[in-house]
Structure formats: structure tokens, C-alpha cells
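> After the C-alpha cells below, expect a handful of questions from me.
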Amino acid sequence: MEFPTRLLLLSLALPLVPLACKGPTPEGVEFSERYPEPTEFIVKANEGKKQTFRRKAWFAARHKAHPDDDWRAIELRNGLDQLAKRNVLALQTNLANPWVERGSNNQAGRMHVTQYSTDGQWLYAGSSRGGLWKGMPDGSDWAPIGDNVYGGTHWLGLIPGDNPGDPDVLLSATQGETVLVSRDEGRTWSAPGGLQAWSVDRVRRVLVSSDGNFKPFVLRRSSTGGKYHLKRSDDGMHSFSSVYDLGQFGGDVWMSRTGAGALYLLTETGIQKSSDYGDNWIGMGPLPEIAEEGELVGCEAGAPRLWAALRVGAVDRLYRSDDEGASWTYLTDMSDYWSRLTASITDVNTFAWGGVEVHVTRNAGATFDVVNPWHEYYDDPVNKLHADIMGFNVLEDPNGIETWFVNTDGGVYSSTNKLLTVDNLSLSGLRVSQYYSTHTSNANPDHVVAGAQDQGYQRADTPAVAGTALEFDQLISGDYGHISSGDGAHDFLFMTYPGFVLIQRNENSPSLHSEDFPPAETNAWLPPVVADPSDRRDFYFCASRIWRYDFVGGNDWTPSLWSGYDFSAVSGNYASALCFAPAQPNLAYAATDDGGLFFSIDGGLNWTPSATTGPPAHFFYGTALLASAASPGTVFAGGSGYSNPGVYRSTNGGISYEPFDQGLPATLVYCLGEAPDGSGTVFCGTETAAYRRDPGASEWVDITGNQAPVTTYWSVEALSAENTMRFGTYGRGIWDYRIDPVRAPVPAPGVAPRDVEVTLTNR
Numbered sequence: 001m002e003f004p005t006r007l008l009l010l011s012l013a014l015p016l017v018p019l020a021c022k023g024p025t026p027e028g029v030e031f032s033e034r035y036p037e038p039t040e041f042i043v044k045a046n047e048g049k050k051q052t053f054r055r056k057a058w059f060a061a062r063h064k065a066h067p068d069d070d071w072r073a074i075e076l077r078n079g080l081d082q083l084a085k086r087n088v089l090a091l092q093t094n095l096a097n098p099w100v101e102r103g104s105n106n107q108a109g110r111m112h113v114t115q116y117s118t119d120g121q122w123l124y125a126g127s128s129r130g131g132l133w134k135g136m137p138d139g140s141d142w143a144p145i146g147d148n149v150y151g152g153t154h155w156l157g158l159i160p161g162d163n164p165g166d167p168d169v170l171l172s173a174t175q176g177e178t179v180l181v182s183r184d185e186g187r188t189w190s191a192p193g194g195l196q197a198w199s200v201d202r203v204r205r206v207l208v209s210s211d212g213n214f215k216p217f218v219l220r221r222s223s224t225g226g227k228y229h230l231k232r233s234d235d236g237m238h239s240f241s242s243v244y245d246l247g248q249f250g251g252d253v254w255m256s257r258t259g260a261g262a263l264y265l266l267t268e269t270g271i272q273k274s275s276d277y278g279d280n281w282i283g284m285g286p287l288p289e290i291a292e293e294g295e296l297v298g299c300e301a302g303a304p305r306l307w308a309a310l311r312v313g314a315v316d317r318l319y320r321s322d323d324e325g326a327s328w329t330y331l332t333d334m335s336d337y338w339s340r341l342t343a344s345i346t347d348v349n350t351f352a353w354g355g356v357e358v359h360v361t362r363n364a365g366a367t368f369d370v371v372n373p374w375h376e377y378y379d380d381p382v383n384k385l386h387a388d389i390m391g392f393n394v395l396e397d398p399n400g401i402e403t404w405f406v407n408t409d410g411g412v413y414s415s416t417n418k419l420l421t422v423d424n425l426s427l428s429g430l431r432v433s434q435y436y437s438t439h440t441s442n443a444n445p446d447h448v449v450a451g452a453q454d455q456g457y458q459r460a461d462t463p464a465v466a467g468t469a470l471e472f473d474q475l476i477s478g479d480y481g482h483i484s485s486g487d488g489a490h491d492f493l494f495m496t497y498p499g500f501v502l503i504q505r506n507e508n509s510p511s512l513h514s515e516d517f518p519p520a521e522t523n524a525w526l527p528p529v530v531a532d533p534s535d536r537r538d539f540y541f542c543a544s545r546i547w548r549y550d551f552v553g554g555n556d557w558t559p560s561l562w563s564g565y566d567f568s569a570v571s572g573n574y575a576s577a578l579c580f581a582p583a584q585p586n587l588a589y590a591a592t593d594d595g596g597l598f599f600s601i602d603g604g605l606n607w608t609p610s611a612t613t614g615p616p617a618h619f620f621y622g623t624a625l626l627a628s629a630a631s632p633g634t635v636f637a638g639g640s641g642y643s644n645p646g647v648y649r650s651t652n653g654g655i656s657y658e659p660f661d662q663g664l665p666a667t668l669v670y671c672l673g674e675a676p677d678g679s680g681t682v683f684c685g686t687e688t689a690a691y692r693r694d695p696g697a698s699e700w701v702d703i704t705g706n707q708a709p710v711t712t713y714w715s716v717e718a719l720s721a722e723n724t725m726r727f728g729t730y731g732r733g734i735w736d737y738r739i740d741p742v743r744a745p746v747p748a749p750g751v752a753p754r755d756v757e758v759t760l761t762n763r
């Protein structure tokens, strides 16, 4: 989120209150405001919409491709290829596992859906990019069962297994393209008939009847023709067939959660009702006004009472019906609404919708209250909702108690009193952190920091208990990336938030400070910063020009224009990556958002465009640069590889590049790293997997096997003592890849590694 002015620093350091209830409290935070607002939201509604747009635009820009190349469809194919590979590997035993999961153990990221198992003894919970999880209803014993599912689990349906004693049959759907079914607790997945990949464009709802017949329904839009269909399975989710054609209208469907009841379908012409699972329909009445799309929920305690959110132009309007849709009462125009809504089972007057916060009424819509302001979470994460509501599920537990589940950007919450109070079920073991960047100190490898999506800047300072993952403290809220250190230690760390540079001072008792972005520059939404390798106190900022921030004492830095070279006048809008050659800081490399590659022989003061030996990279967004320590003069560039190579290599100091993507799928390369053993082995992280390429090898090799998750590998750093590469993922936390377990001692599971060396890697 952008701030109009920099955050003010206090002359007296405030005590830092970490979010995790563990260990001694770190000292010193220099911010007068500990809680930068969620990047999806700012107090002024119009500013919030602008910020959301900027974030989405940045994500789209990084996936740059020719207009004829649909990068989402390409990544869907990559994800399905990963799934097919893992379905085969799941049948094999005694596979070598070079991977160790590091956490976080206690800072959950975005969750979408929560459901009871069919016997009510377990919870299943679906994440954004961290697959499907299974745990106890009290939030204990979480375990991943969907690491092989690309895109996460945004919708979930469960029915009993095909035979007595079989596990539940699980249907996992994303909001986009995939609907998958597993009959073996997530070991393998396949698409059911009628919902194969590329036939689905958008999933609006997944329901299973609660009358004992377990009839599953999926409301989805077809990728051909753009029509919405409500589909039903009559054969245990082996296949689905259409029971209603909604045309182009993005409608919704609701049915009783407590037993037998009719289907209620929100269509362009009004509510349609079916009492036989969709074989026959009766029109109940028209909508109160013409709408582009809408969402529907109901309360069984009414007859039932229905609630509908209708999109009318740019406004979301809330209506209530007490006669099954025959007539409607207008209630309010909804602000802060993200198409998430739900209603009580037992109290006809209680209803809620979600956006950044949860808005609840207990008087049939006469008034609405916020369950808790988003910032209250940071002082009480156990009992206060995290910001950004991604889904609701209101269910009866095995004892018939109405239980509300709220799925947020900070995990899953439950409530048994209709949101009067909530309990965080994600405090331990739900390892779905979404990391932009990680950094491990070479002065004390127990010190690991990470920049997360909407879970702030985090720090671990204690080794994990054997067999567990690292516990992190959240030092400040928000989104942070591009963590950089000039000497590998944590006395000076630099990173960016959308609007300012965050700076950590001190290895052992960290304090936080901020500096403004330079004025009148064009830069990425989350722009790279790179610590000066010759002076750890200073750093460089990537924009349309390169700026340098010099430490001037105290807690202050002075920005100055380092290079007058205007990248926007040559290629694209701004420098999107920057690195310096190890042991040769005068040799610098830069990439831009429009395919430009550059080199400098005077530390970045002057720049020369590089040449490529392949086709011009018109659709290359440069995300990562790696200057080789093993081979001076060799540099690798990674970025969007949908319409051109995703990796290039130069062996002449950046004068010219050639494609170096053999073996990689068409994908976005997020990060590049080099093995710390001097071998010259290089690694990259992509949208769905991690890869390595050994010296002299003809191509890249997928290293995720069946052990590391199918998710986005956003960052990588090298740990020298274990000869290990540490990946930060955007959905499943931190994962260590041991390059050579024979030569390097393997630490006990969860034990923090020793001795760290960080490659010059910038995204």
C-alpha cells in the first residue's frame, strides 16, 4: 500500500510485540505505526481499489506474454503435468527425499474453504496455493494431503468412499480452471467426467446435499461459450452432467446444510427451485432489479429466508426474501464486499458478508457491525480475525452445534456463537505461508527472516524442535519482498513494501525503520532493492533510474540519483532486477520489465544494452539475475518465458546472451541461485516447480519429485554448511533442497541449518 508520506520514526524505540506467543520479546521497533494496512485495502475506498488494481497489474505484468499466448492456460498445463508426474510417483516406494520443510509453523497464509469429514471427526481445509489440509476440529494435527494439487483448493466437496472403510471422496476446485477428485486421501487426483481441464473457466459454488444421499453439485462457467451450468454427479463424483443452463449470468446456488431441502438457484430471471436435485424446476419470482451476477445464501430457520447480493453496475446491493424468492426487500448497498457471504442455520436474523473485514447483522439486515477491525488481529491473533475474508462455511458439528468457519489471509477461524467470538485454528501446523522473499543470516543461521503476502515481515530466532518447523514472529504487518543484505548478516537488511523501504538494524535486537521511495520515478509495485556489496549500510533502489541510499548515521539514509541512465527511455518502464558480480562489484547487471538486459563496468553508474543471440525478447519481463561466483563473467537472467526463453545466459560479462531454458516448460522464472559448493550448479524457481542444471548439462531437471509441493517457488538462497538451497514459496512456506546429502551432514528435521552464504539473487 502506498503512503502519501513516509512513516514517522520515533526518537524513543517502542517495544516490539510479536504475534507468536513464544520466547523473549525482541526489542525495538522504530515505527509510530506498526500496522501498515493490508495491501488489498486502504481506509479511503477509492484508494483501496487503486491499490488492489496495482497489485493485480504487477502480477499480470510479470507474466508478460504475446497476446496469442494465454499464460494462465500454459500454467494450467504445467500444473496438470506436475499432477500426472506425481500420480505415477505416488505408486513408487523408497524414493530418495532431498527436501526438508522449514515452515513457518505458526504464520498461516490465505485459506478459502473448511469442511467436516463425512463422519464429522476431521476438518478439511483448502488453501490458496498450499493445497488441501486435514486436521482435528480444534485446529491440531494439521497435515497436507494436497501438495500435488496445482492452484490450491478454493472449493471443496466430500462424500463417503465408494466402499465401506474407504476414505472420503474429495472434490477440490479452484476458482479458475481445475476440478479434481481424489479417492485415496490426496495421494492421487483426476478430473471427473464432464469437468475436465479446459472445460471449466470459473467455479462459482460446490455443494453436497446433507440429506444422507450426498448429491454433489458444481456451478461453473464453461471455457467454450462462457455459459454457466449447474452440474450434478449421480455416480459418486466419477462424472458430472448439467441440470440447469444459466446462460451468461454468473448466478449461485444454495441448499439446506442440515438435512433434506430444496435447491435454490439464483438466475438472471429470478429464483428457480427444485425439490428433486435439479431434475425439475419451478420459478419462484423475478429478481428485484436487473443484475450482472450475484451470490445467494439462505437460513434454514426461515422458510427458508434467502439473502442475495446482486451486482448492479459498479454497486453490490443486498436483498432479503422471506418467501423463497417470490418478493425481495432491499437492505443496503454493500461496501468492502468480495463476493463472500453466509447466513446462520438456526437464527433467521443473523447474516454476514466479507471483504477486508466481516460485516454481520443480527437484526435481519437493519444494521451491520464489523466483527473486529482488521488491525486488532495484531494484538490478539488468537481471538481476532485476520484481514481479507476469502470464504465462509457454516456447518453443524457432529453434536448438532452450529459452527462458523471464517477463511482469511491469515488462516482459518471457528465460532460457535455466531461470530460473537472467534478462535484461530491456524496457530500451529497449518504451513501455508505465502513468501515473497527469505534471508538467513550467516552470522547466526538461527536468524531467518521472511517477507510475506499480507502476513508481514517475519523473523525466526530459535532452532525448531526436532521434527517440527520454524516458529516466526510477525514484526510488522503488510507485504514485503526483495530482502537484501550486503554481507549476509542481519545488522543491515533492506526490503520493500508498496510505498516505502523497510530497514532492519541489528542482528540480535532488531529495530525497524523506513525510507520513502525516490520522488518522480516509475517503479514496480514491489520494487527491488539491493544492498551495496561494498558497504553493507547502503543500498540501491530500482526504478526508471537507479538510486542509491547512503547511511548518514543514526537511523537515517539519504537518497541520491546514482545513475542518470533512464531505462524507461530504452526498454520498458523501469529496472526490474539488479545484481553485482561476486568479488567484482564494479561489474553490475540489470533487467527491465520489457525484455531489456544491461551491463555496467563502473558499479552501475553507466549502462550498456546487452545483445541476445536468439529471437528478440519482446515479451520478457526480467525477474531474476544471478552473477556466477563459480564462473566469473557468467550471468543468468530469468523472467517470463511464455513467448520466448525464460532463462538466458551470458558468458562474456553481459555483452551478449543466449537462450538457456532447455528442459524448462514455458513458464515464469521467479528466482535464480547458485550452489554454494563452487560447482557452478544453478537453480531456478518457477510458477509450479523448482529446477536445477549442473555444469555441462544439456537441460534443466525438475527436482521437486513427489516430496516438494506444487506451488510457486518465488525466492532462493544458498546455505553453504549443508550445501543446500533454501526456497521461499508462495503458498507452502520455506523448503530446503539438499544438493548433496552424502557429502553434507543432514540436520534433524526442523533443525535450523548452520552457516549461510547468500547468492546475489534479485527478483
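Heads up: the sequence shown runs through residues 1 to 763, numbered per my numbering. Glycine is no exception: its CB is placed at the ideal position from the N, C-alpha and C atoms. A quick note: this is a predicted structure, and the numbers were derived from the prediction, not measured.
(1) Restricting to runs no shorter than 3 residues, where is the beta strand (DSSP E) found entirely within the region 285-362?
(2) Give me the residue from VAL412, ASN399, LEU395 with the minimum Cα distance to LYS384.
(3) Locate the beta strand (DSSP E) running through GLY79, then write down its first and last residues.
(4) On the DSSP letters alone, give me the boundaries of the beta strand (DSSP E) that ASP252 sits inside.
(5) Are the CB atoms of LEU587 and CYS542 within a distance shorter than 7 Å?
(6) Could you check if PHE59 is buried or exposed, using at least 16 other CB atoms within 10 Å of its CB as the buried criterion?
(7) To the nearest angstrom, how far is it from the Cα of GLY28 to the Cα of PRO144?
(8) Taking Cβ positions, are SER767 and ALA489 nearer each other than 7 Å?
(9) For ALA708, I'd like the list of residues in its chain whose CB is within less than 6 Å of its CB, leaving aside the five on either flank, ordered along the chain.
(10) Count the other C-beta atoms from every protein chain shown that fall within 10 angstroms of the C-beta of GLN121, then say buried if there are 16 or more, exposed otherwise.
(11) Given a threshold of 16 other Cβ atoms within 10 Å of its Cβ, counted over all protein chains shown, does GLN272 qualify as buried or as exposed?
(12) Give a yes or no on whether the C-beta atoms belonging to THR438 and ALA450 are separated by under 7 Å.
(13) Hey, quick one: how far does the beta strand (DSSP E) through TRP475 stretch, first residue to last?
(14) Out of GLY325, ALA364, GLU293, which one is the CA nearest neighbour of TRP338?
(15) Which same chain residues, not among the five before or five after ASP211, have their C-beta less than 8 Å away from its C-beta?
(16) Among PHE472, ASP479, ASN523, ALA108, which has the Cα closest to the Cα of GLY126?
(17) With a threshold of 8 Å, are at least 3 pairs of Cβ atoms found where one atom belongs to the region 588-599 and the other to the region 622-634?
(18) What are the start and end residues of the beta strand (DSSP E) that includes LYS134?
(19) Closest by CA to TYR497, which one among HIS66, SER514, ALA57, GLN434?
(20) Beta carbon of LEU246, beta carbon of TYR228: below 7 Å?
(21) Taking the C-alpha atoms as reference points, what is the distance between ALA84 and THR612?
(22) Based on the DSSP secondary-structure assignment, which residues constitute the bridge partners of ILE389?
(23) So, helix, strand or coil for ASP201, using DSSP?
(24) What would DSSP say about HIS238, mapped onto helix, strand or coil?
(25) Just verifying my parser: in three-state terms, what is the DSSP assignment at ARG764?
(26) Between the C-alpha atoms of SER233 and VAL218, what's the straight-line distance to the nearest angstrom?
(27) Name the two residues that bound the continuous beta strand (DSSP E) containing PRO645.
(28) Considering only the beta carbon of each residue, do THR178 and ASN87 sit closer than 7 Å?
(29) Roughly how many whole angstroms lie between the Cα atoms of SER104 and GLY731?
(30) Taking Cβ positions, are ALA452 and SER426 nearer each other than 7 Å?
(31) Indicate the three-state DSSP secondary structure (helix, strand or coil) for HIS513 in the structure shown.
(32) Three-state secondary structure (DSSP) at TYR378?
(33) At what residue ranges does the region 502-582 contain a whole run of the beta strand (DSSP E), taking only runs of 3 or more?
(34) In angstroms with no decimal places, state the Cα-to-Cα distance between THR93 and ASP702.
(35) Does the region 672-682 come within contact of the region 61-76, defined as at least 3 CB pairs closer than 8 Å?
(36) Quick check on this structure: which residue in SER335, ASP347, LEU91, ASP454 has the alpha carbon closest to the alpha carbon of TRP353?
By the coordinates alone:
(1) Every beta strand (DSSP E) of 3 residues or more that sits fully in the region 285-362 is shown, in chain order, as 293-299, 305-312, 315-321, 329-334, 340-343, 351-354, 358-361.
(2) Nearest option by C-alpha distance: VAL412.
(3) No beta strand (DSSP E) holds GLY79; the alpha helix (DSSP H) holding it covers 71-89.
(4) Unbroken beta strand (DSSP E) run through ASP252: 252-255.
(5) For the pair CYS542 and LEU587, the CB atoms are not nearer than the 7 Å cut-off.
(6) Result: exposed.
(7) Unreliable placement is indicated for GLY28, whose pLDDT of 40 sits below 50; no coordinate value is reported for it.
(8) Outside the displayed span of the chain (1 to 763) sits residue 767, for which this structure offers no information.
(9) For ALA708, where only same-chain residues beyond five positions count, the Cβ hits under 6 Å are TRP99, TRP735.
(10) With fewer than 16 other Cβ atoms within 10 Å, it is exposed.
(11) Burial call: buried.
(12) By the CB criterion at 7 Å, THR438 and ALA450 fall inside the cutoff.
(13) Checking the displayed sequence, the identity of residue 475 turns out to be Leu instead of Trp. Unbroken beta strand (DSSP E) run through LEU475: 473-476.
(14) Ranking the options by Cα distance to TRP338, first place goes to GLU293.
(15) Result list for ASP211: SER256, GLY259, ALA260, GLY261, in chain order.
(16) Of the candidates PHE472, ASP479, ASN523, ALA108, the one whose C-alpha sits nearest the C-alpha of GLY126 is ALA108.
(17) The region 622-634 and the region 588-599 touch, with three or more beta-carbon pairs separated by less than 8 Å.
(18) Per DSSP, LYS134 belongs to the beta strand (DSSP E) from 132-135.
(19) With distances taken between Cα atoms, TYR497 lies closest to SER514.
(20) Contact check for LEU246 against TYR228 passes: the beta carbons are separated by less than 7 Å.
(21) Approximately 35 Å, taken between the alpha carbons.
(22) Bridge partners of ILE389: THR408.
(23) Reduced to three states, the DSSP call for ASP201 is strand.
(24) Shown here, HIS238 sits in coil according to DSSP, grouped into three states, outside any helix or strand.
(25) In the structure as shown, the chain begins at 1 and stops at 763. Residue 764 is therefore absent and cannot be evaluated.
(26) Between the C-alpha atoms of SER233 and VAL218 there is a straight-line separation of about 9 Å.
(27) That residue, PRO645, is in no beta strand (DSSP E); it is neither H nor E in DSSP.
(28) In this structure, ASN87 does not lie closer than 7 Å to THR178 by Cβ.
(29) Those two C-alpha atoms are separated by around 11 Å.
(30) For ALA452 and SER426, no; Cβs fall outside 7 Å.
(31) DSSP places HIS513 in strand when its eight states are reduced to three.
(32) Here TYR378 sits in helix by DSSP.
(33) The region 502-582 is shown to contain whole beta strand (DSSP E) runs of 3 or more residues at 511-516, 529-531, 539-542, 546-551, 557-561, 575-581, in chain order.
(34) Spanning the two alpha carbons is a distance of roughly 19 Å.
(35) Counting C-beta pairs with one atom in each stretch, the region 672-682 and the region 61-76 have fewer than three that are closer than 8 Å, which means they do not touch.
(36) Checking every option, the nearest Cα to that of TRP353 belongs to SER335.
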